[in-house]
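Peer 1:
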Amino acid sequence: MYYFVNFTYKDEIMEADPDVTLLPCEWVVKADSKEEAIEQIKKDIELDEILEIREISVEERIIREQGDLLEMVKREYLYRRCGNMPIREYNKISREMENNPELQYLALKEFNAKQRLTKRLSRQKGFKDMTMAEFNEKINQLIDAKDEEEFNRILKSIQKG
Numbered sequence: 000m001y002y003f004v005n006f007t008y009k010d011e012i013m014e015a016d017p018d019v020t021l022l023p024c025e026w027v028v029k030a031d032s033k034e035e036a037i038e039q040i041k042k043d044i045e046l047d048e049i050l051e052i053r054e055i056s057v058e059e060r061i062i063r064e065q066g067d068l069l070e071m072v073k074r075e076y077l078y079r080r081c082g083n084m085p086i087r088e089y090n091k092i093s094r095e096m097e098n099n100p101e102l103q104y105l106a107l108k109e110f111n112a113k114q115r116l117t118k119r120l121s122r123q124k125g126f127k128d129m130t131m132a133e134f135n136e137k138i139n140q141l142i143d144a145k146d147e148e149e150f151n152r153i154l155k156s157i158q159k160g
């Protein structure tokens, strides 16, 4: 059985600052009972207050996981596109993305391309001699390639090592 647990907590770093308020948090926990779900959370976090605890259906768990996945895709896209931007501008673009399905589509499209290219690049001769930084740089170059000629030139540069 799975439980949705909505609670507040304060971690060690936050305890040193009296101006910091409690953080809200939501977890989905697999347990045999509500009490066991709470005990599992207490192993990792010092709970302050449990706001809600209830059984959660598989459909709701799927929706929550899909939402988390989309958030991760959007963060990765924004970081890649706006990584050197001041935080204030980054947050503005992030809020715009929430209301712009076209930007969300571009983020998903780029994420899927990155997954395919990661698999393809890992099959290239010369791949095992690369560092992770070089690997990520090549993936980004392949994503940004303007045409097939540039794409193939990048792949050949990996084989040459």
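Per numbering that gives the first Met the number 0, the sequence shown runs over residues 0 to 160.
Ideal placement from N, C-alpha and C gives every residue a C-beta, glycine not left out.
#1: Using three-state DSSP, classify E45 as helix, strand or coil.
#2: Should E148 be counted as a contact of the ligand FMN given a C-beta to heavy atom distance under 8 Å?
#3: I believe L21 touches D47 by the beta-carbon criterion, under 8 Å. Please report the beta-carbon distance rounded to the nearest angstrom.
#4: Given a cut-off of 9 Å on the beta-carbon distance, is the pair L102 and E95 in contact?
#5: Do you know how far the Cα of A30 is from the Cα of E45?
#6: Quick one: what does DSSP say L102 is sitting in, helix, strand or coil?
#7: Report the start-end ranges of each alpha helix (DSSP H) in the segment 29–89 that is 4 residues or longer and not cut off at the edges.
#8: Taking all protein chains shown into account, do 16 or more other C-beta atoms lie within 10 angstroms of the C-beta of L50, making it buried, or fewer, making it exposed?
#9: Would you grab the beta carbon distance between A36 and I52 for me? Rounded to a whole angstrom, and I think it's under 8 Å.
#10: Bridge partners of N5, per DSSP?
#11: Is it buried or exposed for I86, if we count other Cβ within 10 angstroms and need 16 for buried?
#12: What does a CB cutoff of less than 8 Å around N139 pick up in its chain, not counting 5 residues either side in sequence?
Peer 2: Working from what's here:
#1: coil
#2: This structure lacks the ligand FMN, and indeed carries no ligand of any kind.
#3: 5 Å
#4: yes
#5: 18 Å
#6: helix
#7: 33–43 and 57–81
#8: exposed
#9: The C-beta separation of A36 from I52 comes to about 7 Å, placing the pair in contact by the 8 Å criterion.
#10: E25 and E51
#11: Answer is exposed; the Cβ neighbour count stays below 16.
#12: R79
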